[in-house]
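Novice: Structure provided below as structure tokens; questions to follow.
Chains as they are written, first to last, in the numbering used here: chain A, 1 to 360; chain B, 1 to 203.
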């Protein structure tokens, strides 16, 4: 069941053969996600800077356009007009390929994100595994940039990024397993639907969202913090720690190749916010399972949740000092990994007890 | 039609990148070609309807194993001329391996042509409706439970072995004492003084 099935039908009605109708509908579906996403990235960068400025008691971007709304577009134009500088010692092909990989990986995950009931580009049954697979590819953009730049700071940054992302992916994997066990499916729409109506029998109206589940709430926290580490946002931005590594893996990049990193990074941040919302906070469902709230389209609830999490991301960035590298590794391996493993154990034990009963 | 095109695309890329893995002079390029081969193999798995295996291939091999390969290879200082000097010495072993692999392919294709095996018949038939995660899960935790648990044990032993082999106590490191760092309060660390001009502070 996909959103673009009606679109395929429409094209068929115009007399196209099924294959071409499907092809056109898919392309349009992809553009319908990717183009607004680019706009969203431009606006979210503005929002990020505004929130950050407000917390530092500054005014933030306020010159270009009304309230500085066009700042990101001005920046984009500036980068677009700059010269692309490729260091002479760099490995040219890989140097240019790396930002493309980051950007592509940041986009492809959106194929399985449900925006509303049934509104998803590709409603596959291994949706969450696809998300995990695509996010595990993200590290290549950074490693390759670091290596291909042939420069020491980017290389340090690449090594840090590889260790950091691989470490946190382990605990993210366990968190996702806990969610999948609870929902009984890898399909993201099914995971959202499984969050409908918690405690309806006690409260009268159910609450939508896994966060209210005591077995999954700690996982929601672990996932939120891990997603900060996975997107290399503060306080885990050791890969681009400007006091140590200049600009990390982006040091040698300029103009559009730099812009691709920028866009990819923020697209990843929005994606992680979306995953937080989808996996633990009910995705496109309203917060309470109460009929009048369903008159508001699901996509608006999803956007509200994404914005909320983005605000949290900015808030953390503005207030929490950067971790030391050993603290980062300690948090990932010694705290999150055992904790998430323990909760996988708890969740699966609870589900077995519910379905099978205690062993005799 | 599109499946056939996709199959030949993925298959050709797998073979080409596998060849480039062993032909490329730069070890980092070799690992990258290997990753390309893994990735396209995952595409082939998808075409075969094994979406779970495809995703696992990408997550485990591309996302974790190959990252570590790349990590290690990037830090090695490999002189390829030196490595190539060994080619003649190991040529006989290499040739024997190649002959064995080629013979296996010939035998397999021959057996298939002779109609000796029916590829459609499976040891554990599944219906088309069951998603393949469920199908694999049902088999792994019933029929192949022992083998599955044994594989798990082997991996656990390998993991413990790797840790034991690389773990060593070093006396000359400064360890972070997290408890002490967290317990530390501002009043233990900061002293407010109001020195008169020219006096300075007693430390």
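We put the CB at the ideal spot given by N, CA and C, even for glycine.
1. Would residue 1 of chain A count as contacting chain B if we go by Cβ distances under 7 Å?
2. With DSSP as the reference, label residue 110 of chain B as helix, strand or coil.
3. Rounded to whole angstroms, what's the CA-CA distance from residue 232 of chain A to residue 56 of chain A? Just pull it up for me.
4. In angstroms, rounded to a whole number, what distance separates the CA positions of residue 37 of chain A and residue 55 of chain B?
5. Are the stretch 202-222 of chain A and the stretch 2-22 of chain B touching by the rule of at least three beta carbon pairs closer than 8 Å?
6. Show which residues of chain A have a CB atom less than 9 Å away from the CB atom of residue 176 of chain B.
7. Residue 59 of chain B and residue 340 of chain A - do their beta-carbons sit closer together than 7 Å?
8. Excluding the five sequence neighbours on either side, which residues of its own chain have a C-beta within less than 7 Å of the C-beta of residue 173 of chain A, listed in chain order?
9. Please state whether the Cβ-Cβ distance between residue 330 of chain A and residue 235 of chain A is less than 7 Å.
10. Inspect the CB distances between the stretch 107-118 of chain A and the stretch 73-86 of chain A and report whether three or more fall short of 8 Å.
11. Indicate the three-state DSSP secondary structure (helix, strand or coil) for residue 207 of chain A in the structure shown.
12. Measuring CB to CB, does residue 306 of chain A end up less than 7 Å from residue 277 of chain A?
13. Name, please, each residue of chain A whose Cβ falls closer than 7 Å to the Cβ of residue 55 of chain B.
14. Bridge partners for residue 198 of chain A per DSSP, in chain order?
15. Tell me the DSSP secondary structure of residue 288 of chain A in three-state form.
16. State the Cα-Cα distance for the pair residue 30 of chain A and residue 114 of chain B, rounded to the nearest angstrom.
17. So for residue 1 of chain A, helix, strand or coil by DSSP?
18. Between the C-alpha atoms of residue 288 of chain A and residue 197 of chain A, what's the straight-line distance to the nearest angstrom?
19. Along the chain, which unbroken stretches of the alpha helix (DSSP H) at least 4 residues long are found entirely within the stretch 57-104 of chain B?
20. In its own chain, which residues sit with a C-beta less than 6 Å from the C-beta of residue 143 of chain A, not counting the 5 before and 5 after it?
21. In the DSSP assignment, find the alpha helix (DSSP H) that holds residue 218 of chain A and state where it starts and stops.
22. Using a Cβ-Cβ cut-off of less than 7 Å, list which residues of the stretch 40-72 of chain B approach chain A; keep chain order.
23. Step through the CB atoms of chain A and report whether any lies within less than 7 Å of the CB of residue 131 of chain B.
24. Keeping to the same chain, check which residues put their C-beta closer than 7 Å to that of residue 217 of chain A; ignore five residues upstream and five downstream.
25. Quick one: give me the first and last residue of the alpha helix (DSSP H) that residue 236 of chain A is part of.
26. So, does the CB of residue 143 of chain A fall closer than 7 Å to a CB anywhere in chain B?
27. What does residue 119 of chain A pair with, by DSSP beta-bridge criteria?
28. Assuming residue 220 of chain A and residue 150 of chain A make a contact with CB atoms under 8 Å, what is their CB distance in whole Å?
29. Tell me the residue span of the alpha helix (DSSP H) that contains residue 74 of chain A.
30. Say whether chain B places a C-beta atom closer than 7 Å to the C-beta of residue 162 of chain A.
31. Could you tell me the alpha carbon to alpha carbon distance between residue 350 of chain A and residue 178 of chain A, rounded to whole angstroms?
32. Which residues in the same chain have their Cβ closer than 6 Å to the Cβ of residue 71 of chain A, if we skip the five residues on either side of it in sequence?
33. When we look at the beta-carbon of residue 50 of chain A and count the other beta-carbons within 10 Å, is it buried (16 or more) or exposed?
34. Pick out whichever of A/104, A/54 and A/42 has its Cα sitting closest to the Cα of residue 76 of chain A.
35. Buried or exposed: residue 66 of chain B, going by 16 or more other Cβ atoms within 10 Å of its Cβ?
Specialist: By the coordinates alone:
1. In the first chain, residue 1 of chain A corresponds to position 1, counting from 1. Below a pLDDT of 50, predicted positions are generally treated as unreliable, and residue 1 of chain A, at 40, falls in that range; the measurement from the model is reported next regardless. No, its Cβ sits nowhere closer than 7 Å to a Cβ of chain B.
2. In the second chain, residue 110 of chain B corresponds to position 110, counting from 1. In the three-state scheme derived from DSSP, where H, G and I count as helix and E and B as strand, residue 110 of chain B is classed as helix.
3. Position 232 of the first chain, counted from the start, is the residue given in the question as residue 232 of chain A. Position 56 of the first chain, counted from the start, is the residue given in the question as residue 56 of chain A. Distance between the alpha carbons of residue 232 of chain A and residue 56 of chain A: 21 Å.
4. In the first chain, counting from the first residue as 1, residue 37 of chain A sits at position 37. In the second chain, counting from the first residue as 1, residue 55 of chain B sits at position 55. Approximately 25 Å, taken between the alpha carbons.
5. In the pairwise beta carbon analysis, the stretch 202-222 of chain A is classified as not touching the stretch 2-22 of chain B: fewer than three pairs are separated by under 8 Å.
6. Counted from its first residue, the second chain places residue 176 of chain B at position 176. For residue 176 of chain B, the chain A residues whose Cβ falls inside 9 Å of its Cβ are 324, 326, 327 and 330, in order along the chain.
7. By one-based count along the first chain, residue 340 of chain A stands at place 340. By one-based count along the second chain, residue 59 of chain B stands at place 59. Between residue 340 of chain A and residue 59 of chain B, the gap from beta carbon to beta carbon reaches 7 Å or more.
8. As a working mapping, residue 173 of chain A is identified with position 173 in the first chain. The answer, listed in chain order, is 132.
9. Position 330 of the first chain, counted from the start, is the residue given in the question as residue 330 of chain A. Position 235 of the first chain, counted from the start, is the residue given in the question as residue 235 of chain A. With contacts defined as CB atoms closer than 7 Å, residue 330 of chain A and residue 235 of chain A fail to qualify as a contacting pair.
10. By the criterion of at least three beta-carbon pairs nearer than 8 Å, the stretch 107-118 of chain A is not in contact with the stretch 73-86 of chain A.
11. On the first chain, position 207 is the one that residue 207 of chain A refers to. Assignment of residue 207 of chain A by DSSP, reduced to helix, strand and coil, places it in the strand class.
12. Against the first chain, residue 306 of chain A aligns to sequence position 306. Against the first chain, residue 277 of chain A aligns to sequence position 277. In contact: residue 306 of chain A and residue 277 of chain A (Cβ atoms closer than 7 Å).
13. In the second chain, residue 55 of chain B corresponds to position 55, counting from 1. The answer, in chain order, is 126, 129, 130 and 133.
14. Here residue 198 of chain A refers to the residue found at position 198 of the first chain. Paired residues: A/207.
15. Here residue 288 of chain A refers to the residue found at position 288 of the first chain. DSSP places residue 288 of chain A in strand when its eight states are reduced to three.
16. For the purposes of this step, residue 30 of chain A is identified with residue 30 of the first chain, where counting begins at 1. For the purposes of this step, residue 114 of chain B is identified with residue 114 of the second chain, where counting begins at 1. Distance between the alpha carbons of residue 30 of chain A and residue 114 of chain B: 47 Å.
17. As a first step, residue 1 of chain A is located in the first chain; it is residue number 1 there, counting from the start. Bear in mind that the predicted position of residue 1 of chain A carries a pLDDT of just 40, short of 50, making it unreliable; the figure below should be weighed with that in mind. When secondary structure is reduced to three states using DSSP, residue 1 of chain A falls in the coil class, being assigned neither helix nor strand.
18. The count along the first chain starts at 1 and reaches residue 288 of chain A at position 288. The count along the first chain starts at 1 and reaches residue 197 of chain A at position 197. Those two C-alpha atoms are separated by around 8 Å.
19. Fully enclosed alpha helix (DSSP H) runs of 4 or longer: 66-75 and 80-85.
20. Here the question's residue 143 of chain A lines up with position 143 in the first chain. Excluding five sequence positions before and after residue 143 of chain A, the CB atoms of its chain that fall closer than 6 Å to its own CB belong to 158 and 162, given in chain order.
21. Your numbering for residue 218 of chain A matches position 218 in the first chain. For residue 218 of chain A, the uninterrupted alpha helix (DSSP H) run begins and ends at 217-230, by DSSP.
22. Under the 7 Å Cβ criterion, the stretch 40-72 of chain B contributes 51, 52, 55, 58, 59, 62, 63, 64, 67, 70 and 71.
23. Counting from 1 along the second chain, the entry for residue 131 of chain B is found at position 131. Residue-level contact check: residue 131 of chain B touches chain A, since one or more beta carbons of chain A fall below 7 Å from its beta carbon.
24. Working through the first chain from its first residue, we reach residue 217 of chain A at position 217. If we look at residue 217 of chain A and ignore the five residues flanking it on each side, its Cβ neighbours are 211.
25. Your numbering for residue 236 of chain A matches position 236 in the first chain. Unbroken run through residue 236 of chain A: none, as it is neither H nor E.
26. Along the first chain, read from residue 1 onward, the residue named residue 143 of chain A stands at position 143. Residue 143 of chain A counts as touching chain B.
27. For the purposes of this step, residue 119 of chain A is identified with residue 119 of the first chain, where counting begins at 1. In DSSP, residue 119 of chain A forms a bridge with A/116.
28. On the first chain, residue 220 of chain A is found 220 positions in, with the first residue counted as 1. On the first chain, residue 150 of chain A is found 150 positions in, with the first residue counted as 1. Rounded, the Cβ-Cβ distance is 42 Å, inconsistent with contact.
29. Your numbering for residue 74 of chain A matches position 74 in the first chain. Bounds of the alpha helix (DSSP H) holding residue 74 of chain A are 71-81.
30. What you label residue 162 of chain A is simply residue 162 of the first chain in a count that begins at 1. The beta carbon of residue 162 of chain A sits closer than 7 Å to some beta carbon of chain B.
31. The residue you call residue 350 of chain A lines up with position 350 of the first chain. The residue you call residue 178 of chain A lines up with position 178 of the first chain. In this structure, the alpha-carbon of residue 350 of chain A lies about 11 Å from that of residue 178 of chain A.
32. By one-based count along the first chain, residue 71 of chain A stands at place 71. Answer for residue 71 of chain A: 46, 61 and 64, listed in chain order.
33. If you number the first chain from 1, residue 50 of chain A lands on position 50. Buried is the call here.
34. The residue labelled residue 76 of chain A in the question sits at position 76 within the first chain. Looking at the Cα atoms, A/42 is the closest of the given residues.
35. Position 66 of the second chain, counting from 1, holds the residue named residue 66 of chain B. The residue is buried, with at least 16 neighbouring Cβ atoms inside 10 Å.
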